[in-house]
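Read the structure below first, then the notes.
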Amino acid sequence: MNAIASTYTILDDAIHTKTDTAWNNPLTREAKLKVTVNDAKLVLQIENARINIETMLREREIRNRSLTSNDSLIAELDTVESEVNVVKNYLNDLSLAWSRSLADNNVSQATIEGFKASTGVARASVTSALSVISGTRTALNASLSANQIAEINSSTIGTDSGSSADGQVKSALGNLRGAQARLEQTIVRSPIGGTINSLSISTGDFVSPYTEVAVVSNNGTLEIIAYVTEEDAQFLVVEGTVTIEGGSTGVITRIAPALDPKTNKIEVRIGITNGTALLTNGASVRISANRAIKQAIQGENKIPLSALKITPGGAVVFSVSASSTLVAHSVSLGSLLGDEVQISAGLTPEMMIVTDARGLQDGMVVSLK
Numbered sequence: 001m002n003a004i005a006s007t008y009t010i011l012d013d014a015i016h017t018k019t020d021t022a023w024n025n026p027l028t029r030e031a032k033l034k035v036t037v038n039d040a041k042l043v044l045q046i047e048n049a050r051i052n053i054e055t056m057l058r059e060r061e062i063r064n065r066s067l068t069s070n071d072s073l074i075a076e077l078d079t080v081e082s083e084v085n086v087v088k089n090y091l092n093d094l095s096l097a098w099s100r101s102l103a104d105n106n107v108s109q110a111t112i113e114g115f116k117a118s119t120g121v122a123r124a125s126v127t128s129a130l131s132v133i134s135g136t137r138t139a140l141n142a143s144l145s146a147n148q149i150a151e152i153n154s155s156t157i158g159t160d161s162g163s164s165a166d167g168q169v170k171s172a173l174g175n176l177r178g179a180q181a182r183l184e185q186t187i188v189r190s191p192i193g194g195t196i197n198s199l200s201i202s203t204g205d206f207v208s209p210y211t212e213v214a215v216v217s218n219n220g221t222l223e224i225i226a227y228v229t230e231e232d233a234q235f236l237v238v239e240g241t242v243t244i245e246g247g248s249t250g251v252i253t254r255i256a257p258a259l260d261p262k263t264n265k266i267e268v269r270i271g272i273t274n275g276t277a278l279l280t281n282g283a284s285v286r287i288s289a290n291r292a293i294k295q296a297i298q299g300e301n302k303i304p305l306s307a308l309k310i311t312p313g314g315a316v317v318f319s320v321s322a323s324s325t326l327v328a329h330s331v332s333l334g335s336l337l338g339d340e341v342q343i344s345a346g347l348t349p350e351m352m353i354v355t356d357a358r359g360l361q362d363g364m365v366v367s368l369k
């Protein structure tokens, strides 16, 4: 019963604490992912799974309250194991979704990376819970079998012999659980599925905490990370085509909005659209990107990014009224041009706006300098 209760706690933590931060209305039938994922079928599958899991967790909580030692615990452990597998499959799909997600004005790339990390931790804890359930069921079956044997011996040999057999069973069960605990300490689990590209330890090695022991990756979904100058970045756009040395092709999936402090260049991520088998994980390649001429669109205005404020209702800029109060204006965003952004609707050329919107609110009284 303790294993069942602790498993529910792990599932509840994996869903409600570690992964629900990526959802809107996760506890209702209107649960929706906050992140834009480039796979509509996968998103629908995940959202349906999240709704079903919420119902499953509520039913499990109610069931645990009424569970007693007189119930069929073996059958209950089988049910709990199937529930854990449901959550495990959901977390696997969620991890896949993060690898296909796109940063936008609502969710940054850093936030997506945080979702990936918390989902990985949740997967590891759920996988451990599966091992606990399996071990508990094995131990319980052994205990039940031993008790049956002890009862038979007790009825034929006598009370003293039965007590001796019961003591032997308990001793054997203790040894079994100790061996299982020691075995668990020798298992290293990866939070993701993939291919082991390198293994830097051998049997018998002493390993310090936080030491890298292996590199696991999915070689079937490679990505290229490139760095370009600030000037070159102005001629690149997301979804722009890229030719890769060796005959492969790709598409730009992300252009960093700022310079990397280590390289003083802008990071560009490229997804492989054709010829993944021609590439090797970890190799350096030459790429050629088609330049996109960004022409100003009639009716669009460019403003500094600092003048823009993203709210739950959309992007806004602020102007100052005659009474020195801020007035919010909803705007539609166009292309991102370095530290500026094009506004396709909501502004007029003669409108005076505040160039730094950080910490400002609609209706706030300000002083002009």
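Position one of the sequence shown corresponds to residue 1 (the working numbering), numbered consecutively onward. Glycine is no exception: its CB is placed at the ideal position from the N, C-alpha and C atoms.
Contacts around residue i, its chain only, beta-carbon distance under 8 Å, and the 5 residues preceding and following it disregarded
i: Asp-376; result: Summary: the structure shown does not reach residue 376, with the chain confined to residues 1 through 369, and so no result is reported for it.
i: Glu-223; result: Thr-253, Arg-269, Ile-270, Gly-271 and Ile-272
i: Gly-240; result: Val-251, Ile-252, Ala-289, Asn-290 and Ala-292
i: Pro-349; result: Asn-301
i: Ala-97; result: Leu-33, Val-35, Val-37, Asp-39, Leu-42, Val-43 and Ile-46
Classification of residue i by the beta-carbon crowding that lies within 10 angstroms, buried from 16 upward
i: Val-213; result: exposed
i: Pro-209; result: exposed
i: Leu-347; result: buried
i: Val-365; result: exposed
i: Asn-38; result: exposed
i: Thr-263; result: exposed
i: Ile-353; result: buried
i: Phe-318; result: buried
i: Val-341; result: buried
i: Phe-115; result: buried
i: Leu-144; result: exposed
Range covered by the beta strand (DSSP E) that runs through residue i
i: Thr-9; result: Run containing Thr-9: none in the beta strand (DSSP E); it sits in the alpha helix (DSSP H), 2-12.
i: Lys-302; result: 301-304
Alpha carbon of residue i to alpha carbon of residue j, nearest angstrom
i: Ala-40; j: Glu-47; result: 11 Å
i: Ala-179; j: Ala-233; result: 58 Å
i: Ser-66; j: Val-80; result: 15 Å
i: Leu-176; j: Ile-62; result: 32 Å
i: Leu-393; j: Val-215; result: Residue numbering for the chain in the displayed model covers 1 to 369; residue 393 lies beyond these limits and cannot be assessed.
i: Ala-172; j: Ala-165; result: 10 Å
i: Leu-183; j: Val-169; result: 21 Å
i: Asp-339; j: Ile-225; result: 21 Å
i: Ser-95; j: Ser-101; result: 10 Å
i: Thr-203; j: Val-285; result: 35 Å
i: Ile-133; j: Asn-218; result: 29 Å
Proximity test, residue i beta-carbon vs the ligand NAP heavy atom, cut-off 8 Å
i: Gln-185; result: In the structure on display, the ligand NAP does not appear, and there are no ligands present to speak of.
Residues near residue i in its chain [Cβ-Cβ closer than 6 Å; skip 5 each side]
i: Gly-275; result: Gly-247 and Ser-248
i: Ala-49; result: Tyr-90
i: Ala-146; result: Val-169
Own chain, CB closer than 7 Å to residue i, minus 5 neighbours either side, in chain order
i: Leu-5; result: Reading off the sequence, residue 5 comes out as Ala, not Leu. Taken in chain order, the residues that qualify are Asn-64.
Residue range of the unbroken alpha helix (DSSP H) whose run includes residue i
i: Val-237; result: Val-237 -> no alpha helix (DSSP H), and no H or E assigned at all.
(request) Would you be able to state if there are at least three C-beta pairs under 8 Å between the stretch 20-30 and the stretch 49-56? (result) With a cut-off of 8 Å, the stretch 20-30 and the stretch 49-56 count as touching, because enough Cβ pairs lie within range.
(message) Three or more C-beta pairs under 8 Å: does that hold for the stretch 279-286 against the stretch 310-319?
(response) Flag = no, the stretch 279-286 and the stretch 310-319 do not touch.
(message) Would you call the stretch 112-132 in contact with the stretch 2-18, where contact means no fewer than 3 C-beta pairs closer than 8 Å?
(response) Contact holds: three or more Cβ-Cβ distances are below 8 Å.
(request) May I ask you to verify whether the stretch 70-78 touches the stretch 134-145, counting CB pairs closer than 8 Å and requiring at least 3? (result) Touching, per the Cβ criterion.
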